[in-house]
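Numbering (the numbering used here), first residue to last: 268 to 846.
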């Protein structure tokens, strides 16, 4: 039937539109490469509000003054060796561990105590930041630009304590020997937020002009392959809202510095982790995001610089900034946004185009998790809620399908009578629908409504760290990962680990079976070709969902089971009513 062909086409187009919109329009529109290049060239200056551009020093393109040009080594220096060979102040809080090097005063050794690399109990904890000249260096630092001799990557600081703990402060000091004394107070809250209070005392006989900066340096991009689903890479929040810039964007385009006057921040986000520089939200600053290449490698730079201040002889100046380095926990980021006034920090979580559906789904899941203590069971309860909300439409759908099923003998008669005349066949079919008060499209609406729900749940399972390593029962130890119990290697009995489309788990197969039985309750298609297409769909979806998060497969399977029960009851009721 033509309407069924249109229905299949509509489903395919809907999926293409959803993924296409997310891919092409998910980020804020940006200046194209040629325009950006022309604007930078026209500017003809390396200054931002009178302060040297901290991303274009003579040391290395995109680096802060005092940092040597990046060197990509054939054999990376051991991370542990680098940390052990230097003088450090330890970081040891309830959720973080690492060190701050007294040379350069960089945040370049940081691990997350609450998160492990894999689900195994003996798996190492997640390492977020690593020193320069090690594999995948990733760090942040703070400093000054402007007049006089300033601390750089080789400056050795002194500290008043050997360990930084939660709700404590360590004071670092460096004297340039020429009358400027720099002090940096670093404190850490109970989670992942550092506060950096930078002060400079001018003991010279002349005024000096200085500005504070913060900078993130990363070699290479992230490790995840999830960039089609969510944003990974640099991002910033300014007067115009959030701007997401991918690693690929930086290969093609040059981004101008952006002046921020109403609060904001910049940083680099991964699927589950965030490193962010947060200047004083009450003062203006300038952000810049750039990419450089050295010796076959690529480096990404995210930084901010505050407005410069003039410091008279005998006077001092002080600027405060914050630095977030940790997990993208929804409640925590919302706390920093709503309570501590960090503008849109919670937007670091990429809820996607359907955020107005995705966020409520997450909140509902979290509510059920608070009751049952298992996200797998919470997904089952969420499915019941969704089914309940869609029940009125589903009721009409199945009633229409029941009447459609009763029309099959008459449809067959029309096919035999007008089978060679498609136009007449279509006309007579529509007349029959009208006469019997059957809407052939009634079954489409619930499906179309469930498509954004499906993608929103997929987004929740993928972007929220709550699902990471969240167990269900039995062999399901990570709801955010595909089903590990593969039928294609006989559940691990064969010495072979399938990959790609051959990695089919038990639950995707169960989903395909439930989809098959669900189709059996539907009225058969009049067109043999369409019958074959729909008969193949359970097999196709089994292969497609095999690579999806097992939490999503649980949702789909449970939804199919509920649909089968619901459809069977309603259609029996319709049949009894008609008879």
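Don't be surprised by glycine CBs; every beta carbon is placed ideally from N, CA and C.
In the displayed model, residue 630 falls within a helix according to three-state DSSP. With fewer than 16 other Cβ atoms from the protein chains shown falling within 10 Å of its own Cβ, residue 740 counts as exposed. Going by DSSP, residue 676 is part of the alpha helix (DSSP H) stretching over 675–685.
Per DSSP, the unbroken beta strand (DSSP E) holding residue 413 starts and ends at 405–413. For a cut-off of 8 Å, the C-beta gap from residue 555 to residue 483 is around 11 Å, too long to register as a contact. Nearest to residue 635 by C-alpha distance, out of 629, 627, 645, is 645. The region 404–470 is shown to contain whole beta strand (DSSP E) runs of 3 or more residues at 405–413, 435–442, 447–455, 460–469, in chain order. Inter-residue distance for residue 654 and residue 648 is about 10 Å (C-alpha atoms, whole angstroms). Residue 512 carries a coil assignment under DSSP once its states are collapsed to helix, strand and coil. C-alpha of residue 624 to C-alpha of residue 720: approximately 7 Å in a straight line.
Sequence-distant partners of residue 609 (beyond 5 residues in either direction) whose C-beta falls short of 6 Å from its own C-beta, in its chain, are 545, 603.
A distance below 7 Å between beta-carbons, with the five flanking residues on each side excluded, links residue 822 to the following residues of its chain, in chain order: 646, 650, 724.
Residue 498 and residue 550 have their C-alpha atoms some 28 Å from each other.
Minimum Cα-Cα distance from residue 818 among the listed residues 787, 735, 565 corresponds to 735.
Looking at the DSSP output, residue 501 bridges to 535. Per the coordinates, the alpha-carbon of residue 451 lies some 12 Å from the alpha-carbon of residue 371. Relative to residue 830, the option among 781, 806, 839 whose CA is nearest is 781.
Put simply, of 428, 385, 391 the residue whose alpha carbon is nearest the alpha carbon of residue 366 is 428. Excluding its 5 nearest sequence neighbours in each direction, residue 826 has C-beta neighbours in its own chain below 6 Å: 650, listed in chain order.
No residue range can be given for residue 813, since it is assigned to no beta strand (DSSP E) and is classified by DSSP as neither H nor E. A contact between stretches requires three or more CB pairs, one per stretch, nearer than 8 Å, and the region 584–604 meets this requirement with the region 531–548.
Where residue 376 is concerned, the enclosing beta strand (DSSP E) starts and stops at 374–383. For the options 468, 839, 454, the alpha carbon positioned closest to that of residue 435 is the one of 454. DSSP, reduced to helix, strand and coil, places residue 568 within a strand of the structure shown. When secondary structure is reduced to three states using DSSP, residue 367 falls in the strand class.
When DSSP states are grouped into helix, strand and coil, residue 591 belongs to the strand group.
Three or more beta-carbon pairs separated by less than 8 Å are not found between the region 431–446 and the region 508–523, which leaves the two stretches without contact.
Here residue 416 is exposed, its C-beta having fewer than 16 other C-beta atoms within 10 Å. Around the beta carbon of residue 529, fewer than 16 other beta carbons lie within 10 angstroms, which makes this residue exposed. For a cut-off of 8 Å, the C-beta gap from residue 426 to residue 575 is around 28 Å, too long to register as a contact. Between residue 813 and residue 772, the C-beta spacing is below 8 Å. Contact between residue 406 and residue 399 holds, with the beta-carbon distance rounding to 7 Å and staying under 8 Å.
Excluding five sequence positions before and after residue 587, the CB atoms of its chain that fall closer than 6 Å to its own CB belong to 464, 547, given in chain order.
When rounded, the separation of the alpha-carbon atoms in residue 525 and residue 485 is 20 Å. The residue from 562, 568, 487 with its alpha-carbon nearest to that of residue 523 is 568.
Less than 8 Å divides the Cβ of residue 392 from the Cβ of residue 380.
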